[in-house]
Amino acid sequence: MTAAIDPVDLAARLIACPSVTPAQGEVFDVLEAALRPLGFEVHRFVLGEAPDGPVENLFASRGGGAPHFAFAGHLDVVPPGEGWASDPFTPDLRGGLLHGRGAVDMKSDIAAFVAAAAETVHRGTLSLIVTGDEEGPATYGTPALMDWMAARGIRPDMILIGEPTSEDRLGDIVKIGRRGSVNMWITVPGVQGHVAYPHRADNPVPRAARLIDALEAIHLDDGSDAFQPSNLEITAVETSSKATNVIPGAALIQLNIRFNNLQRGADLVELVRRTAEDAAPGATVEAKISGEAFLTPPGPIYEIVSAAILAETGAKPRLSTHGGTSDGRFLIALCPVVDFGLPNATMHKLDEAAAVEDIRALQRIYKRVIESALGI
Ligand SMILES: [Zn+2]
């Protein structure tokens with residue numbers, strides 16, 4: 003047993019290091035300094051160049067052999083924005099809340115896990131997989147950490163991601179899967195000209211409008227047992243000209259599809275490509291798949307996390323696949339993954355804040371999780 007760590011104090015020290023994505027340096031120094039005295043071996047490496055990097059990644063482990071339970075998270079944060087009541091990178095305790103960028107997403111969650119590890123004796127391997135780029139493109143983030151682990155033959159049996167998944171109260175929601183996401187940009191070509199001489203031009207806008215109708219008419223699916231229906235949303239429509247007397251030379255349609263485990267990103271891109279070709283011949287489609295949908299099949303990790311939450315809060319969590327994606331989209335390639343952490347009402351917002359009581363209760367839940375995953 004090692005010296006106790008106050009999770010609120012550690013969270014405050016992490017918040018005091020501005021770490022807008024992509025992150026490296028000081029914030030990792032603070033985490034490393036907390037982990038080493040607990041007996042963790044800590045490895046850090048920095049990858050990439052601007053604009054997607056440099057990104058720092060950290061892998062820490064204690065003990066050895068099987069079973070191997072891992073906690074995953076990120077130390078980067080989204081930009082604070084303007085209009086905070088207190089400085090976003092000066093942790094501020096008021097009204098029982100710890101304020102600061104990253105208080106919820108997800109420095110307090112990491113601090114709660116480290117504090118839990120400080121007071122737990124376990125068998126097997128306990129590790130932390132922490133990236134400095136979860137909020138950005140992740141090019142040098144979790145996938146790079148996974149490569150680093152693969153090169154050393156490191157493969158956890160279960161991963162808990164400490165993302166803030168709770169909604170109305172701590173412990174009400176555990177994420178057991180996430181929808182996939184793909185962005186697409188469709189260019190409908192035309193011929194630019196003067197509005198008074200339309201015979202010398204070719205207006206792409208009516209074709210773009212027909213294409214939007216056709217995209218809106220696509221029925222992707224009715225959802226699956228664990229997921230809501232897949233959904234296509236047009237997110238922007240633009241032309242190359244804002245002048246009132248010019249027929250634009252091109253129209254651009256931007257869309258996003260959040261999709262369930264009945265779909266695959268590449269198939270959706272192909273579907274949109276065919277739809278575009280029919281409704282607006284000559285249109286081109288560019289696509290970026292942010293992540294495929296995934297679902298952790300029922301297994302021990304469900305029970306371990308649910309039982310820990312029940313013991314601490316008196317209520318069982320709902321197992322959900324709603325909401326945005328997480329680095330679980332990558333980590334699921336290694337082993338079963340669930341996401342569970344603090345209430346997320348203020349994440350990414352102004353005046354982000356976590357309740358001190360919740361941080362302490364989360365520490366107790368994480369401690370139960372470690373004890374039941376790696377109990378002696
Ligand atoms: Zn997060």
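Residue numbers (our numbering): 3 to 378.
C-beta: ideal position from N, C-alpha, C; glycine also.
May I ask whether a heavy atom of ligand 1 can be found less than 7 Å away from the beta carbon of His221?
Working through the sequence shown from its first residue, we reach residue 221 at position 219. Flag unset: Cβ of His221 not near ligand 1.
Three-state secondary structure assigned by DSSP to Thr246:
In the sequence shown, counting from the first residue as 1, residue 246 sits at position 244. Assigned with DSSP and collapsed to three states, Thr246 falls in coil, not helix or strand.
With burial defined as no fewer than 16 other Cβ atoms inside 10 Å of the residue's Cβ, what is the status of Leu95: buried or exposed?
For the purposes of this step, residue 95 is taken as the residue at position 93 of the sequence shown. Burial check for Leu95: the Cβ neighbour count within 10 Å stays below 16, so the residue is exposed.
Residue range of the unbroken alpha helix (DSSP H) whose run includes Phe30:
Translated into the one-based positions of the sequence shown, residue 30 becomes position 28. Glu28 to Leu37 is the extent of the alpha helix (DSSP H) around Phe30.
Ends of the alpha helix (DSSP H) at Thr23?
For this step, residue 23 is matched to residue 21 along the sequence shown. In the DSSP assignment, Thr23 falls outside any alpha helix (DSSP H) and carries neither an H nor an E.
Starting from Thr127 and walking both ways along the beta strand (DSSP E), at which residues does that stretch end?
On the sequence shown, position 125 is the one that residue 127 refers to. In the DSSP annotation of this structure, the continuous segment of the beta strand (DSSP E) that includes Thr127 starts and ends at Thr127 to Thr133.
Using 8 Å as the threshold, is the C-beta distance between Thr144 and Thr127 below it?
Numbered from its first residue, the sequence shown carries residue 144 at position 142. Numbered from its first residue, the sequence shown carries residue 127 at position 125. The answer is no: Cβ separation not under 8 Å.
Closest to Ala245 by CA distance: which of Ser292, Arg276, Val287 and His196 is it?
Within the sequence shown, residue 245 is the residue found at index 243, counting from 1. Checking every option, the nearest Cα to that of Ala245 belongs to His196.
Might you give, ordered along the chain, the residues of its own chain that have their beta carbon closer than 6 Å to the beta carbon of Val207, omitting 5 neighbours on each side?
Locating residue 207 in the sequence shown gives position 205, where the first residue counts as 1. So the list reads Ala253, once near-sequence residues are dropped.
In the structure shown, what three-state DSSP assignment does Phe332 receive?
Start at 1 with the first residue of the sequence shown, and residue 332 comes out as number 330. Correct three-state label for Phe332: helix.
May I have all residues whose beta carbon comes closer than 6 Å to any heavy atom of ligand 1, sorted in chain order?
Answer in sequence order: His76, Asp107, Met108, Glu136 and Glu165.
Find out if the Cβ-Cβ distance for the pair Thr348, Val106 is shorter than 8 Å.
Here the question's residue 348 lines up with position 346 in the sequence shown. Here the question's residue 106 lines up with position 104 in the sequence shown. The answer is yes: Cβ separation under 8 Å.
Alpha carbon of Pro300 to alpha carbon of Glu288, nearest angstrom
Taking the first residue of the sequence shown as position 1, residue 300 is located at position 298. Taking the first residue of the sequence shown as position 1, residue 288 is located at position 286. Using only the alpha carbons, I get a separation of about 36 Å.
Simplified DSSP assignment, three categories, for Gln365
Residue mapping note: residue 365 aligns to position 363 of the sequence shown, counting from 1. Reduced to three states, the DSSP call for Gln365 is helix.
Are there 16 or more other CB atoms within 10 angstroms of the CB of Ile131, so buried, or fewer, so exposed?
Here residue 131 refers to the residue found at position 129 of the sequence shown. Answer is buried; the Cβ neighbour count reaches 16.
Taking the Cβ atom as the reference point for each residue, do Leu16 and Ile156 lie within a distance shorter than 8 Å?
Reading the sequence shown from its first residue, position 14 is the one you call residue 16. Reading the sequence shown from its first residue, position 154 is the one you call residue 156. Contact flag unset, no.
Using the three-state DSSP reduction, which class does Val417 fall into: helix, strand or coil?
Lying before the first or after the last residue shown, residue 417 is absent from the chain, which here runs from 3 to 378.
Return the CA-CA distance between Pro81 and Asp353, expressed in angstroms with no decimal places.
In the sequence shown, counting from the first residue as 1, residue 81 sits at position 79. In the sequence shown, counting from the first residue as 1, residue 353 sits at position 351. Taking the straight line joining both Cα atoms gives about 12 Å.
If contacts are defined as beta-carbon pairs under 8 Å, then Asp89 and Thr23 qualify, I think. What distance do you get, rounded to the angstrom?
Residue numbering aside, residue 89 sits at position 87 when the sequence shown is read from its first letter. Residue numbering aside, residue 23 sits at position 21 when the sequence shown is read from its first letter. Actually they do not touch by this definition, with Cβ atoms about 19 Å apart.
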